[in-house]
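Asker: Submitted below is the structure of interest, expressed as structure tokens.
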Amino acid sequence: MALQGLPNTLSNHLANRAVCRFAPTCSGSAHPGTLLAAMLAYLDAKKNDARFVLRMEDIDPSSVTDHWRSTLLKDLEWFDIKGDCFSWQSENTSAHESMMDQLALTQRLYACNCSRAKIARAGQASLAGGWVYPGTCRSLTLQDWRSSNANIRINLEGIKISLKDQSGADLSQEPSIAMGDPLLVRKDGSFTYHLAVVADDHLAGVNRIVRGRDLASSSAIQVALRQLLGWPVPSYRHHLLLLEERGQKFAKFHGAVCLTDLQKHYSPDQLRGVLAHACGLIGQARELSFHAALSVFDWQSVRSDDLVMHWDGKRLSF
Ligand code: GLU
């Protein structure tokens, strides 16, 4: 709870308490990778006596549905993931708007009319996969972002971010070159991941971010946005991903199995044991409550490389 009468950011600061979060996108049912990420963020929070924020990210109009909102929440409840604070990202619109208002003061916002195909033709591969936006529309600076019906980006040219992950990974970057100026608002008026995640983390006073390695390359953009606003920078830790084989490639463990299938064969404690074993916390899979998991949790024991898992219709293995 916030100290009476004070916003979360300030009360956490005064209470000098770490604030961690788990912030899944409501675009599908939980899969083993979601549950591993939730478990590691939760254990990290408990180990550090931190406040744990559960934020359901539900603003991407292309992937979020009411069905996935309620399904994912139920999945996390089944796995015993509960936040000390809970929020739906879609209810934080005023924080997203206010962040845009503050970014507008930097005179770095611009309207962008480039299609994906045009950006791809420029041919600069991005660290995150996809293509770097080459800055074509930077001269279309925006005074009033609210009345624009174009995509809105922010010019990050010249900003260099020096950043070390808590696992030791160097995430330093010049984001406008490595990733391209990020999109903040889509032409349909919806806010993007980068804008919303920074606004929401700041609103909740999050100062310790634990998440999957697929987001590591996004951190420098998020730090750049914070720096432009004079907001404090949290610590970051990016952990292993669970992968599955798709054809000749490996992808995040999304498609092979969903929670309804897992629930037929595992209790929450059994599944926690399998995931704790997979990531290196225990030598053999066994039933593991969160309480028991906390007593063995230590980042030194968590493997750093990604792990390919298999699902044979009954059992997970690696
Ligand atoms: N919502 C993002 C996802 O599910 C994670 C956001 C974050 O941790 O920054 O991939």
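Position one of the sequence shown corresponds to residue 359 (this note's numbering), numbered consecutively onward.
Even for Gly, the Cβ is constructed at its ideal location relative to N, Cα and C.
These numbers were taken from a predicted model, which means no experiment stands behind them.
#1: Beta-carbon within less than 6 Å of Leu-583's beta-carbon, same chain only, minus the 5 sequence neighbours each way: which residues are those?
#2: With a threshold of 16 other CB atoms inside 10 Å of the CB of Leu-652, please say whether the residue is buried or exposed.
#3: Where Gly-563 and Leu-430 are concerned, what is the direct C-alpha to C-alpha distance, given to the nearest angstrom?
#4: If you follow the beta strand (DSSP E) that Leu-412 is in, where does it begin and where does it stop?
#5: With Phe-676 as the anchor, note down where its alpha helix (DSSP H) starts and where it stops.
#6: Looking only at its chain, what residues have a beta carbon closer than 8 Å to the beta carbon of Ser-659, apart from the 5 residues adjacent to it on each side?
#7: To the nearest angstrom, how far is it from the Cα of Leu-573 to the Cα of Thr-550?
#8: Report all residues for which the CB-ligand distance to some heavy atom of the ligand GLU is below 5 Å; order them along the chain.
#9: Could you give the first and the last residue of the continuous beta strand (DSSP E) run that contains Leu-542?
#10: Tell me whether the beta-carbon of Cys-470 lies closer than 7 Å to the beta-carbon of Asn-507.
#11: Restricting to runs no shorter than 4 residues, where is the alpha helix (DSSP H) found entirely within the region 562-602?
#12: Is the beta carbon of Leu-600 closer than 7 Å to that of Pro-390?
#13: Only counting the same chain, and skipping five residues up and downstream in sequence, which positions put a Cβ closer than 8 Å to that of Leu-620?
#14: Can you tell me the Cα-Cα spacing of Ala-360 and Lys-672, whole angstroms?
#15: Are the region 439-448 and the region 471-487 in contact at 8 Å, needing three or more beta carbon pairs?
#16: The alpha helix (DSSP H) spanning Val-307 covers which residue range?
#17: Candidates Lys-432, Arg-511 and Leu-633: which alpha carbon is nearest Leu-401's?
#18: Between the C-alpha atoms of Trp-426 and Pro-592, what's the straight-line distance to the nearest angstrom?
#19: Going by Cα to Cα distance, which pick from His-552, Asn-513, Val-666 and Arg-413 is closest to Lys-497?
#20: Can you list, in chain order, the residues of its chain whose CB lies under 7 Å from that of Ile-519, leaving out five sequence neighbours each side?
#21: Leaving out five residues before and five after Asp-663 in sequence, what residues of the same chain have Cβ atoms less than 8 Å from its Cβ?
#22: Starting from Trp-446, follow the beta strand (DSSP E) in both directions and report where the run begins and ends.
#23: Quick one: what's got a C-beta closer than 6 Å to Asn-374's C-beta in the same chain, skipping five residues either side?
#24: Would DSSP call Arg-479 helix, strand or coil?
#25: In whole angstroms, what is the alpha-carbon distance linking Ala-554 and Ala-376?
#26: Does Arg-466 come out as helix, strand or coil in the three-state DSSP assignment?
#27: Would you call Pro-382 buried or exposed, if buried means 16 or more other Cβ atoms sit within 10 Å of its Cβ?
#28: What is the DSSP secondary structure of Thr-429, reduced to helix, strand or coil?
#29: My output table needs one value for His-649: the three-state DSSP class, helix, strand or coil.
#30: Quick check: the Cα distance between Arg-595 and Arg-571, rounded to an integer number of angstroms?
#31: Return the residue from the list Asp-539, Gln-524, Leu-587 and Arg-379 that minimises the CA-CA distance to Phe-410.
Answerer: The answer reads as follows:
#1: Once the five neighbours on either side are set aside, the close Cβ partners of Leu-583 are Val-556.
#2: The residue is exposed, with fewer than 16 neighbouring Cβ atoms inside 10 Å.
#3: Each residue's CA atom was taken as its position, placing Gly-563 and Leu-430 some 24 Å apart.
#4: Note, Leu-412: beta strand (DSSP E), 409-414.
#5: From DSSP, Phe-676 is part of no alpha helix (DSSP H); its letter is neither H nor E.
#6: Hits under 8 Å: Gly-638 and Leu-639.
#7: Cα to Cα, Leu-573 sits roughly 14 Å from Thr-550.
#8: Chain order is used for the residues whose beta-carbon lies nearer than 5 Å to a heavy atom of the ligand GLU, namely Ala-381, Pro-382, Thr-383, Glu-415, Val-555 and Arg-569.
#9: Where Leu-542 is concerned, the enclosing beta strand (DSSP E) starts and stops at 541-543.
#10: No, they are not a contact pair.
#11: With a minimum length of 4 residues, the continuous alpha helix (DSSP H) runs that stay inside the region 562-602 are 577-587.
#12: For Pro-390 and Leu-600, yes; Cβs fall inside 7 Å.
#13: Excluding residues within five positions, the ones whose Cβ falls inside 8 Å are Pro-390, Leu-629 and Leu-674.
#14: Legend: pLDDT at Ala-360 = 45, less than 50; position of this residue unreliable, no value from coordinates given.
#15: The region 439-448 is not in contact with the region 471-487.
#16: A query on residue 307 cannot be resolved here, the shown segment of the chain reaching from 359 to 676 and no further.
#17: Per the Cα distances, Leu-633.
#18: In this structure, the alpha-carbon of Trp-426 lies about 29 Å from that of Pro-592.
#19: Going by the sequence as given, residue 497 is Ser instead of Lys. Comparing Cα-Cα distances from Ser-497 to each of His-552, Asn-513, Val-666 and Arg-413, the minimum goes to Asn-513.
#20: Excluding positions up to five away in sequence, the list reads Ser-530, Gln-531, Pro-533, Ala-578, Val-581 and Ala-582.
#21: The residues are Leu-598.
#22: According to the DSSP assignment, Trp-446 belongs to the beta strand (DSSP E) that extends over 443-446.
#23: There are no such residues.
#24: For Arg-479, the three-state secondary structure derived from DSSP is helix.
#25: Note on geometry: alpha-carbon atoms of Ala-554 and Ala-376 lie some 21 Å from one another.
#26: Annotated three-state conformation of Arg-466 is coil, per DSSP.
#27: Answer is buried; the Cβ neighbour count reaches 16.
#28: For Thr-429, the secondary structure class from DSSP, reduced to helix, strand or coil, is helix.
#29: Residue state, collapsed to three classes: helix.
#30: Between Arg-595 and Arg-571, the C-alpha separation is close to 8 Å.
#31: Answer by Cα proximity: Arg-379.
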